[in-house]
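2 protein chains.
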Amino acid sequence: MRKVAFWVVAIAAVAGVLASTVPASGPADEEAVPIFGIKIPPGYRDWKLISVAHEEGNLNDIRAILGNDVAIKAYREGKLPFPEGTVIARIAWDYVPSEENNKVFGRAQSFVPGPAPDWYLQFMVKDSKKYAATGGWGYAQFNKDGKPADEAKLKTCFPCHEPIKARDFVFTRYAP
Amino acid sequence: MRKVAFWVVAIAAVAGVLASTVPASGPADEEAVPIFGIKIPPGYRDWKLISVAHEEGNLNDIRAILGNDVAIKAYREGKLPFPEGTVIARIAWDYVPSEENNKVFGRAQSFVPGPAPDWYLQFMVKDSKKYAATGGWGYAQFNKDGKPADEAKLKTCFPCHEPIKARDFVFTRYAP
Chain A
2 MRKVAFWVVA
12 IAAVAGVLAS
22 TVPASGPADE
32 EAVPIFGIKI
42 PPGYRDWKLI
52 SVAHEEGNLN
62 DIRAILGNDV
72 AIKAYREGKL
82 PFPEGTVIAR
92 IAWDYVPSEE
102 NNKVFGRAQS
112 FVPGPAPDWY
122 LQFMVKDSKK
132 YAATGGWGYA
142 QFNKDGKPAD
152 EAKLKTCFPC
162 HEPIKARDFV
172 FTRYAP
Chain B
2 MRKVAFWVVA
12 IAAVAGVLAS
22 TVPASGPADE
32 EAVPIFGIKI
42 PPGYRDWKLI
52 SVAHEEGNLN
62 DIRAILGNDV
72 AIKAYREGKL
82 PFPEGTVIAR
92 IAWDYVPSEE
102 NNKVFGRAQS
112 FVPGPAPDWY
122 LQFMVKDSKK
132 YAATGGWGYA
142 QFNKDGKPAD
152 EAKLKTCFPC
162 HEPIKARDFV
172 FTRYAP
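Going line by line, the protein sequences match chains A and B. The first sequence begins at 2 in this note's numbering and counts up one residue at a time. The second sequence begins at 2 in this note's numbering and counts up one residue at a time.
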């Protein structure tokens with residue numbers, strides 16, 4: 002029993018060290034969002050870059066848009082509509098000035114990612130049959146703890162994407 | 002000979018189609034920068050995301066910072082100094098309002114990548130022996146045509162990075 006207790010402590014210690022490093026994939030993918038039933042796709046933080054953006058106003062965030070291999074291939078080939086299995090990830094961080102960068106530059110010019118806002122992670126998942134009612138896309142949003150947005154919030158996704166039907170409901174263009 | 006001519010035309014046609022799609026890796030890696038002798042690393046556009054940023058003032062760009070596998074591993078483990086073989090890529094685009102996004106949102110709030118500025122691509126390459134005189138890092142800059150920056154420009158890199166010696170001369174922090 003002593004030996005077992007030692008290993009429990011040792012494993013817990015190692016787990017603690019691991020937990021202190023930056024995770025590769027953000028929050029755990031435990032809970033699915035309502036309506037669309039989407040969980041956080043494992044490994045999304047390793048996906049390739051589609052583009053970046055800054056949103057002013059109430060959002061006031063800076064964001065990266067990543068895509069799984071299906072998404073990246075379609076973007077690079079200029080293929081529309083996006084094929085089945087496309088997943089687009091949008092990571093947002095609060096838009097904050099970098100005091101340490103500005104100190105070096107000698108002027109206030111540098112803005113970088115700060116803490117995660119409530120809309121930290123969003124995903125669009127292409128499944129034409131399953132999501133036929135919303136243009137063939139399922140929508141998901143999670144905060145930094147991996148907690149899904151509620152049903153009322155998720156109902157606002159498609160109406161906002163609907164006007165850009167000509168680009169298969171996807172705002173982001175590929176940044177070369 | 003007619004058959005050969007047919008194939009020359011056919012291959013040229015296919016090459017034309019391929020050339021019209023977005024390249025996976027930006028400009029060709031033909032020329033090396035002066036001083037540091039660095040070429041554009043093949044496949045850098047497929048690397049994983051470190052962070053994003055916006056620079057105001059004369060730069061007025063929006064940028065993505067990507068890393069090769071050595072860089073990403075070191076960042077996620079919080080390891081300093083960065084190991085030999087680390088390569089950090091910085092891609093910059095002109096910072097422009099997205100009229101099409103703003104039209105949907107009903108207000109001017111969205112800023113996205115525009116054309117590539119002269120400082121489109123920058124790379125930091127860790128080689129402690131080769132680049133001992135500049136903190137163990139080699140520096141490179143290329144415009145959108147793959148043309149390297151000149152010697153005078155490259156001489157300005159290290160003096161700007163020197164104040165952040167405590168973070169191994171790297172400005173960018175990892176965005177989780």
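Where a beta carbon is used, it is the ideal one built from N, C-alpha and C, also for glycine. Predicted, not measured: the structure shown is a model, and the values here were computed from it.
CB contact check: residue i to chain A, cutoff 7 Å
| i | result |
| --- | --- |
| Gln110 of chain B | yes |
| Glu31 of chain B | no |
| Phe170 of chain B | no |
| Leu81 of chain B | no |
| Ile63 of chain B | yes |
| Pro149 of chain B | no |
| Lys40 of chain B | no |
| Pro84 of chain B | no |
| Pro164 of chain B | yes |
| Ala90 of chain B | no |
| Ala176 of chain B | yes |
| Ala20 of chain B | Caution applies to Ala20 of chain B, whose pLDDT of 39 falls short of 50 and renders its modelled position unreliable; the model cannot decide the point. |
Whether residue i touches residue j by CB criterion (7 Å)
| i | j | result |
| --- | --- | --- |
| Pro98 of chain B | Ile63 of chain B | no |
| Gly137 of chain A | Gln110 of chain B | no |
| Phe83 of chain B | Lys127 of chain B | yes |
| Gly139 of chain A | Phe37 of chain A | yes |
| Gly86 of chain B | Val105 of chain B | no |
| Ile89 of chain B | Gly68 of chain B | yes |
Identified DSSP bridge partners for residue i
| i | result |
| --- | --- |
| Phe112 of chain A | A:Pro98, B:His55 |
| Gly139 of chain B | B:Val126 |
| Leu50 of chain A | A:Leu67 |
| Pro149 of chain A | A:Phe143 |
| Ala93 of chain B | B:Arg64 |
CB contact check: residue i to chain B, cutoff 7 Å
| i | result |
| --- | --- |
| Asn102 of chain A | yes |
| Ser52 of chain A | yes |
| Gly58 of chain A | yes |
| Trp1 of chain A | Residue 1 of chain A is absent from the structure shown; chain A starts at 2 and stops at 177. |
| Cys158 of chain A | no |
| Val113 of chain A | yes |
| Asp47 of chain A | yes |
| Ala13 of chain A | Confidence at Ala13 of chain A is low in this model, with a pLDDT of 41, below 50, so its placement is unreliable and the value that follows should be read with caution. Closer than 7 Å: no. |
| Val105 of chain A | yes |
Residues of its chain near residue i, where Cβ-Cβ distance is below 7 Å and the 5 sequence neighbours each way are ignored
| i | result |
| --- | --- |
| Ser1 of chain B | With chain B covering 2 to 177 only, the question about residue 1 of chain B has no answer from this structure. |
| Ala93 of chain A | Asp62, Arg64, Pro118, Trp120, Tyr121 |
| Glu152 of chain B | Pro35, Ile36 |
| Cys158 of chain B | Tyr140 |
| Glu31 of chain A | Gly147 |
| Leu81 of chain B | Arg168, Asp169 |
| Ala75 of chain B | Phe83, Pro84, Thr87 |
| Lys154 of chain B | Gln142 |
| Glu101 of chain A | none |
| Gly179 of chain A | Because chain A in this structure spans residues 2 to 177, residue 179 of chain A falls outside the shown range and cannot be described. |
Residues near residue i in its chain [Cβ-Cβ closer than 8 Å; skip 5 each side]
| i | result |
| --- | --- |
| Lys166 of chain A | Gly136 |
| Phe112 of chain A | His55, Ile63, Tyr96, Val97, Pro98, Ser99 |
| Asn103 of chain A | Ala109, Gln110, Ser111 |
| Ile39 of chain A | Ala33, Phe124, Val126, Gly139, Tyr140, Ala141 |
| Arg77 of chain B | Tyr175 |
| Glu163 of chain B | Gly136, Phe170 |
| Tyr132 of chain B | Phe37, Val126, Trp138, Gly139 |
| Leu60 of chain A | Ala93, Pro118, Trp120 |
Close Cβ partners of residue i (< 6 Å) along its chain, the five nearest in sequence each way excluded
| i | result |
| --- | --- |
| Ile73 of chain B | Lys49 |
| Lys156 of chain A | none |
| Ser129 of chain A | Gly137 |
| Asn144 of chain B | Asp119, Tyr121 |
| Ala16 of chain B | For Ala16 of chain B, the pLDDT reaches just 42, beneath the cut-off of 50, and the residue's location in the model is therefore unreliable, although a value from the coordinates is still provided. Answer for Ala16 of chain B: no residue qualifies. |
| Pro149 of chain A | Glu32, Val34, Phe143 |
| Pro116 of chain B | Asp95 |
Residue i CB to nearest heavy atom of the ligand GDP below 6 Å
| i | result |
| --- | --- |
| Lys166 of chain B | The model depicted lacks the ligand GDP and carries no ligand whatsoever. |
Requested in this report: Output the residue ranges of the beta strand (DSSP E) runs that lie fully inside the segment 60-91 of chain A and measure 3 residues or longer, sorted by chain position.
Outcome: 62-68
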